[in-house]
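>
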Amino acid sequence: MGMTACKMNSKKTISFFQHVYDLVQSIPAGKVTTYRHIAHTMNTKDARRVGHALHANSDSDKTPCHRVVFADGRLAPGYVFGGPNEQMRRLQLEGVECIDGRINLKKYLYIPKN
DNA sequence: ATGCTGACCGAGC
DNA sequence: CGCTCGGCCAGCA
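To convert, count from 1 in the first sequence and add 528; that's our numbering.
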């Protein structure tokens, strides 16, 4: 019975962001998920807002947003901690193959659960 | 209030 | 497979 968004919190933007961060933190090392899957888990179609939330992420240790990629496996062009190159480096450090700026989702996709 | 933008996505060509 | 285009909708000037 996951409710869409916690209405109990007064700041809804924060709770949406926090929900995104929670899901991102649930991605195991060596796996990735997509904006689309996160949005879907949160019962919305707005993958852009998920991206927006991650853009505002300030702690890449706590919230490993390098494990979030496009629905087709491409890396985020606007990755804020050093660009796609840095995102690729971090993924490869975890054993995620990145071929031509792209991840094989058949192999590495993790679907976050509510 | 209103118009523009974006760490997106899927359809169409 | 790749590029373009429209839709999506919250945030912000």
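Glycine included, C-beta positions come from ideal geometry on N, C-alpha and C.
#1: Leaving aside the five residues before and after P556 along the sequence, list all residues of the same chain whose C-beta is less than 7 Å from its C-beta, in chain order.
#2: Just verifying my parser: in three-state terms, what is the DSSP assignment at V608?
#3: Whose C-beta lies closer than 8 Å to the C-beta of P612 among residues of the same chain, with five residues either side of it excluded?
#4: Would you report the Cα separation of S586 and N642, rounded to the nearest angstrom?
#5: What are the boundary residues of the alpha helix (DSSP H) that includes L633?
#6: Using the Cα positions of R564 and V608, report the straight-line distance between them to the nearest angstrom.
#7: Could you tell me the alpha carbon to alpha carbon distance between G610 and H594, rounded to whole angstroms?
#8: For V560, which residues does DSSP report across the bridge?
#9: DSSP three-state call for V624: helix, strand or coil?
If we stick to the structure as given:
#1: The beta carbon of P556 sits closer than 7 Å to those of Y638, all from its chain and outside the five residues before and after it, given in chain order.
#2: If DSSP states are grouped into helix, strand and coil, V608 belongs with coil.
#3: Around P612, the same chain offers L603, A604, P605, G629 as residues with beta carbons nearer than 8 Å, after the five sequence neighbours per side are excluded.
#4: Near 23 Å, if we compare the C-alpha coordinates of N642 and S586.
#5: Annotation for L633: the continuous alpha helix (DSSP H) segment containing it runs 633–636.
#6: Taking the straight line from one Cα to the other gives about 19 Å.
#7: Their backbone Cα atoms lie some 10 Å apart in a straight line.
#8: Paired residue(s): L637.
#9: Three-state DSSP puts V624 in coil, outside helix and strand.
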